[in-house]
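Undergrad: Protein chains in written order, with my numbering: chain A, 1 to 216; chain B, 1001 to 1556.
Glycine is no exception: its CB is placed at the ideal position from the N, C-alpha and C atoms.
Submitted below is the structure of interest, expressed as structure tokens.
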Amino acid sequence: MTLALEAVTLSVGPRTLLRNVSLAVPSGEVVTVMGPSGVGKSSLLAFASGALAGGMTATGRVLIDGRDVTREPPHRRGIGILFQDDLLFPHMSVAGNLLFGLHPSLRGRTARRAAISAALAEAELPGLEHRDPATLSGGQRARVALMRVLLSRPRALLLDEPFGRLDAALRDRFRGFVLAAARARNLPTLLVTHDPEDARAAAGPVIELAPPAARV
Amino acid sequence: MIPLAPVLLLAAMLVPIGAGLAATVLPAFGWLPALGGHAPSLQPWRDLLASPGLGRAVALTIGTGLAATTASFAVALALAVAARRPAMARVVTALLAPLLATPHAAMAIGLGFLIAPSGWLARLLSPWLTGWSTPPDLATVQDPWGIALTVGLCLKEIPYLLLAILAALAQADAMAARRVAAALGYGPWRAWALVVLPRIWPQMRLPVMAVLAFSLSVVDVALILGPSAPPTLAVMVLRLFADADLARWFPACAGALLLAGIVAAGLGLLLLIERVAARIGTAASRTGRRGGTGSAADAASMCAAILLALLGAGALAVLALWSFAGAWRFPDVLPARWSAAAWQAPMLRGPLLATIGIGLAATILALLLAALCLEREQRTGTRPGRSLALLYLPLLVPQIAFLSGFQQMLVRANLDGGALALVWSHLVFVLPYVFLSLADPWRALDPRLARAAAGLGASPARVLLRITLPLMLRPLLAAGAVGFAVSAGLYLPTLFAGAGRVATLATEAVTLSSGGDRRIGAASALLQAMLPLLAYAAAILLPAWTARHRRGMALQ
């Protein structure tokens, strides 16, 4: 599994946000994109996942395993994404959230339930199936959100500053957990952050995005 | 379906208005082949001008319309300013819901039962204070000056404008400006006039315009509380339309057009006043004068709130009394005998079912159109710009100016009196309210939820069904309740589209208010008021129940 962005240029009206950004993420590796806020890091992820905001124009290609998915709708790309907020669906239980994410190729109520239980056990949250997500702690919610993405069997993972909202102690643990889980599944992972600690932990290539004015 | 939603939504409103207006304008100038008008002429206008009492009807229309709008806006503003005190805020919020939910006609009938010469107020004061043992010969309702009509309109428009003010305040964070002004030593009332009102006025302009247009062209309240010889212009036009002599259709169309012209002039006047007021405000804000503590104004506002509460609660209470009254002679304060016969009157069953059926159908259609439009907005990331102002068109164009024409269209299409005609004509008025109340919560929904779901492989349809709609359940039901309440209150659309063959509680209440049985009239008005209340209750209780195990849903 690989993820590649080729010659991505993003602009808002006449203003060019990103020019000609290319990167390749091999299987099981984490590429970190860094830069100050407003530089277009999150827009790059939005472009990769196919959810660029209206008013933005983009050129360039998104490749998954060498296949061009630039024209595919977001839900057909197989690109999972984790945001700064867990974004658990508040009207569903923990199990409901995970079952919503779990890939449809796994059939049968019992098998699907078993997969959910196994995922919760892996996330060190055994037996929380029937809980209301609003009653979980921040760290627990973050892990449920991660398991929800992994259960959907993505072919690449995007991380949009997913550790920013957690306090320091929790951040280290969750970061380690996410990176290990992504590596264990050989997922190409693209991490966007402004925390140098994240980049060090990711232990992969780092791409620095500079504001347009500073770019030549 | 979704890409077409905005077109469908606008067409659902604009086709009846556009075609209806055209079918009013042409006969107003003599063109209506079906009734023998084959050549353009000014005869309809000459006939209209020759109608007895036209001048007085026009004066009455303008007088009551302007008075009701001015008074409603002034009182609503005063209540909003005074509501900075917690005690006042409690009174205001307690007032708002029941007054808003009660349809115009029901409120007008209740007010009539309250202030009529034989009404509850006279009974409460007689004979010990007034010495009356029979109802006095006073014109306290349907008075020639239209005072009762104006009061009846204010009773409904004050809460409407107050709600609009509170919504605008919440959006503009204008209260922060008031705190800044207060820190600079400005009194609360002056601070409001100089820094808060200018900030919220852009959001208030259309609601105030809607109130002005409604007050100038209202029919049901004018039939119940307004004078009858001559009546207001809108009622006069309605009588012309309903005349057995079909030739009267021509001057009726001319009259409807005249009313539309008066409303347009009124709206123009409002924009002019806005300019002048802005100048005066700017000049006043440069004098540096701070204004007083405003305790007298606060006290006056409190009195206004109490009067409003007494009239509103009194109107509803007297409806309840009459609906359960057996024998009730003047000047007894309470009925001598009680009876539930009015509630069992078979003549109410048909109108009740019609009101529910039409209301539900129009509301569901409106919700569907509005939700699809907002979903399209969310997906494309684009917002309609100025075309949104078109949403207010059904509230600004006088109903009678296009409903008669729309009915002509329906007759030609052989649809008049049918379910489609009724639902469509209700939809025109339900849509704006449903869309406006649904838009803010829908746009406030975190778009990353949909992105997260798409990242999990959920198709747009699945995201809509499993994520967006469940999360929007509360706003959907709230908007639905508003839409249903609007539909339950509509009088003219049923009258015209129903072709006189379909009665709803609104038309029944108005019919019964003129010389029908008071008990059945009261029961019918109360039923009309209860339906929206039930809808609001359902809109609050149902999502609370479905989300009873989901604490996070309280934040949605």
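According to DSSP, is THR1232 (chain B) part of a helix, a strand, or is it coil?
TA: Position 232 of the second sequence, counted from the first residue, corresponds to residue 1232 (chain B). Three-state DSSP puts THR1232 (chain B) in coil, outside helix and strand.
Undergrad: Got a sec: is the Cβ-Cβ distance from GLY101 (chain A) to anything in chain B below 7 Å?
TA: Mapped onto the first sequence, residue 101 (chain A) falls at position 101. Judged by the 7 Å Cβ criterion, GLY101 (chain A) is in contact with chain B.
Undergrad: Comparing alpha-carbon positions, which option in B:ARG1329, B:ARG1383, B:ALA1485 and B:GLY1152 lies nearest PHE1429 (chain B)?
TA: As a working note, residue 1429 (chain B) is residue 429 in the second sequence. It is B:ALA1485 whose Cα lies nearest to the Cα of PHE1429 (chain B).
Undergrad: Can you tell me the Cα-Cα spacing of LEU1471 (chain B) and ASP1245 (chain B), whole angstroms?
TA: Residue 1471 (chain B) sits at position 471 when you count from the first residue of the second sequence. Residue 1245 (chain B) sits at position 245 when you count from the first residue of the second sequence. Rounded to whole angstroms, LEU1471 (chain B) to ASP1245 (chain B) spans 55 Å at the Cα level.
Undergrad: Run through chain A and tell me which residues come within less than 9 Å of THR1382 (chain B), C-beta to C-beta.
TA: Against the second sequence, residue 1382 (chain B) aligns to sequence position 382. For THR1382 (chain B), the neighbours in chain A by C-beta distance under 9 Å run, in chain order, GLY54 and GLY55.
Undergrad: Would you identify the three-state DSSP class for SER22 (chain A), choosing helix, strand or coil?
TA: Locating residue 22 (chain A) in the first sequence gives position 22, where the first residue counts as 1. Strand, per DSSP.
Undergrad: Does any residue of chain A bring its CB to less than 7 Å from the CB of MET1472 (chain B)?
TA: Sequence index remark: in the second sequence, residue 1472 (chain B) carries index 472 (1-based). No, because no Cβ of chain A sits closer than 7 Å to the Cβ of MET1472 (chain B).
Undergrad: Under a three-way DSSP split, which group does ARG1548 (chain B) fall into?
TA: Counting from 1 along the second sequence, the entry for residue 1548 (chain B) is found at position 548. In the structure shown, ARG1548 (chain B) sits in coil (DSSP, three-state: anything other than H, G, I, E or B).
Undergrad: For GLU161 (chain A), which three-state DSSP category applies?
TA: The residue labelled residue 161 (chain A) in the question sits at position 161 within the first sequence. It is coil, neither helix nor strand.
Undergrad: Using a Cβ-Cβ distance under 7 Å, would ALA168 (chain A) count as near chain B?
TA: The count along the first sequence starts at 1 and reaches residue 168 (chain A) at position 168. It does not; no Cβ of chain B falls within 7 Å.
Undergrad: With 16 other CB atoms within 10 Å as the buried threshold, where does ASP68 (chain A) fall?
TA: Locating residue 68 (chain A) in the first sequence gives position 68, counting from the first residue. Counting Cβ neighbours within 10 Å, ASP68 (chain A) comes out exposed, since fewer than 16 surround it.
Undergrad: Of all the CB atoms in chain B, is at least one closer than 7 Å to the CB of PHE177 (chain A)?
TA: On the first sequence, residue 177 (chain A) is found 177 positions in, with the first residue counted as 1. Judged by the 7 Å Cβ criterion, PHE177 (chain A) is not in contact with chain B.
Undergrad: Buried or exposed: which applies to ALA1242 (chain B), given that a residue is buried once 16 or more other Cβ atoms fall within 10 Å of its Cβ?
TA: Locating residue 1242 (chain B) in the second sequence gives position 242, where the first residue counts as 1. Label assigned to ALA1242 (chain B): exposed.
Undergrad: Identify the contact partners of LEU87 (chain A) in chain B, using a Cβ-Cβ distance below 8 Å as the criterion.
TA: Taking the first residue of the first sequence as position 1, residue 87 (chain A) is located at position 87. Per Cβ cutoff of 8 Å: ASP1446, ARG1448, LEU1449 and ALA1452.
Undergrad: Given a cut-off of 7 Å on the beta-carbon distance, is the pair ARG1248 (chain B) and LEU1240 (chain B) in contact?
TA: To locate residue 1248 (chain B), count along the second sequence from 1; it is residue 248. To locate residue 1240 (chain B), count along the second sequence from 1; it is residue 240. In contact: ARG1248 (chain B) and LEU1240 (chain B) (Cβ atoms closer than 7 Å).
Undergrad: For the alpha helix (DSSP H) containing GLY108 (chain A), list its first residue and its last residue.
TA: Position 108 of the first sequence, counted from the first residue, corresponds to residue 108 (chain A). Careful: GLY108 (chain A) lies outside any alpha helix (DSSP H) and carries neither H nor E.
Undergrad: Pull up the DSSP beta-bridge partners for GLY80 (chain A), would you.
TA: Residue mapping note: residue 80 (chain A) aligns to position 80 of the first sequence, counting from 1. Looking at the DSSP assignment, GLY80 (chain A) forms a beta bridge with A:LEU157.
Undergrad: Mark HIS1549 (chain B) as exposed unless 16 or more other C-beta atoms lie within 10 angstroms of its C-beta, in which case mark it buried.
TA: As a working note, residue 1549 (chain B) is residue 549 in the second sequence. Of the other Cβ atoms in all chains shown, fewer than 16 fall within 10 Å of the Cβ of HIS1549 (chain B); this residue is therefore exposed.
Undergrad: Residues of chain B with CB under 8 Å from THR189 (chain A), in chain order?
TA: As a working note, residue 189 (chain A) is residue 189 in the first sequence. By Cβ distance, chain B contributes nothing, its closest Cβ being about 13 Å from THR189 (chain A), past 8 Å.
Undergrad: Please list the partners that ARG1337 (chain B) has in chain A, where partner means a Cβ-to-Cβ separation under 7 Å.
TA: Here residue 1337 (chain B) corresponds to residue number 337 of the second sequence, with the count starting at 1. Per Cβ cutoff of 7 Å: no residues; ARG1337 (chain B) is ~53 Å from chain A at best.
Undergrad: When DSSP labels each residue in this structure, what does GLY60 (chain A) get in the three-state scheme?
TA: Here residue 60 (chain A) corresponds to residue number 60 of the first sequence, with the count starting at 1. Three-state DSSP puts GLY60 (chain A) in a strand.
Undergrad: Could you pull the start and end residues of the alpha helix (DSSP H) that VAL1434 (chain B) belongs to?
TA: Locating residue 1434 (chain B) in the second sequence gives position 434, where the first residue counts as 1. Its alpha helix (DSSP H) spans residues 1419-1444.
Undergrad: Excluding the 5 residues preceding and the 5 following ALA123 (chain A) in the sequence, name in chain order all residues of the same chain whose CB lies nearer than 6 Å to its CB.
TA: Position 123 of the first sequence, counted from the first residue, corresponds to residue 123 (chain A). Hits under 6 Å: ARG143 and MET147.
Undergrad: Please check if any C-beta of chain A sits within less than 7 Å of the C-beta of HIS1426 (chain B).
TA: Working through the second sequence from its first residue, we reach residue 1426 (chain B) at position 426. No - not a single Cβ of chain A is within 7 Å of the one on HIS1426 (chain B).
Undergrad: Does DSSP put GLU197 (chain A) in a helix, in a strand, or in coil?
TA: As a working mapping, residue 197 (chain A) is identified with position 197 in the first sequence. Helix.
Undergrad: Label ASN97 (chain A) either buried or exposed according to how many other C-beta atoms from any shown protein chain fall within 10 Å of its C-beta, with 16 as the threshold for buried.
TA: Here residue 97 (chain A) is taken as the residue at index 97 of the first sequence, counted from 1. The residue is buried, with at least 16 neighbouring Cβ atoms inside 10 Å.
Undergrad: Is MET1204 (chain B) close to the ligand MG? I mean its beta-carbon at under 6 Å from any heavy atom of the ligand.
TA: The ligand content of the structure shown is nil, which means the ligand MG is not present either.
Undergrad: For my contact list, PRO1040 (chain B) and GLY1030 (chain B) are in at a C-beta cut-off of 8 Å; report their separation, rounded to the angstrom.
TA: Locating residue 1040 (chain B) in the second sequence gives position 40, where the first residue counts as 1. Locating residue 1030 (chain B) in the second sequence gives position 30, where the first residue counts as 1. At roughly 5 Å, the Cβ-Cβ gap stays under 8 Å, so PRO1040 (chain B) and GLY1030 (chain B) are in contact.
Undergrad: Thinking THR193 (chain A) and GLU161 (chain A) are a contact (beta carbons under 8 Å), I'd like their distance in whole angstroms, please.
TA: Your numbering for residue 193 (chain A) matches position 193 in the first sequence. Your numbering for residue 161 (chain A) matches position 161 in the first sequence. Rounded, the Cβ-Cβ distance is 5 Å, consistent with contact.
Undergrad: From B:TRP1189, B:LEU1049, B:GLY1020 and B:TRP1045, pick the residue whose C-alpha is nearest to that of ARG1085 (chain B); which is it?
TA: Position 85 of the second sequence holds residue 1085 (chain B). Ranking B:TRP1189, B:LEU1049, B:GLY1020 and B:TRP1045 by Cα distance to ARG1085 (chain B) puts B:TRP1189 first.
Undergrad: What does DSSP give as the partner residues of GLY1037 (chain B) in its beta bridges?
TA: Locating residue 1037 (chain B) in the second sequence gives position 37, where the first residue counts as 1. Partner(s): B:LEU1032.
Undergrad: What do you reckon, are the CB atoms on SER43 (chain A) and LEU1456 (chain B) nearer than 7 Å?
TA: What you label residue 43 (chain A) is simply residue 43 of the first sequence in a count that begins at 1. What you label residue 1456 (chain B) is simply residue 456 of the second sequence in a count that begins at 1. No, Cβ-Cβ distance for SER43 (chain A) and LEU1456 (chain B) is not below 7 Å.
Undergrad: Can you give the beta carbon distance from VAL39 (chain A) to LEU190 (chain A), rounded, assuming they're within the 8 Å contact cut?
TA: Counting from 1 along the first sequence, the entry for residue 39 (chain A) is found at position 39. Counting from 1 along the first sequence, the entry for residue 190 (chain A) is found at position 190. Their Cβ separation, rounded to whole angstroms, is 15 Å, which puts VAL39 (chain A) and LEU190 (chain A) out of contact at 8 Å.
Undergrad: So, ALA1481 (chain B) versus ALA1544 (chain B), is the Cβ gap smaller than 7 Å?
TA: Locating residue 1481 (chain B) in the second sequence gives position 481, counting from the first residue. Locating residue 1544 (chain B) in the second sequence gives position 544, counting from the first residue. For ALA1481 (chain B) and ALA1544 (chain B), no; Cβs fall outside 7 Å.
Undergrad: If we count Cβ pairs, one from each stretch, closer than 8 Å, do we get three or more for the region 1105-1124 of chain B versus the region 1324-1335 of chain B?
TA: yes
Undergrad: When the Cα atoms are used, what is the spatial distance from ILE1358 (chain B) to GLY1500 (chain B)?
TA: Taking the first residue of the second sequence as 1, we reach residue 1358 (chain B) at position 358. Taking the first residue of the second sequence as 1, we reach residue 1500 (chain B) at position 500. ILE1358 (chain B) and GLY1500 (chain B): Cα-Cα distance of roughly 15 Å.
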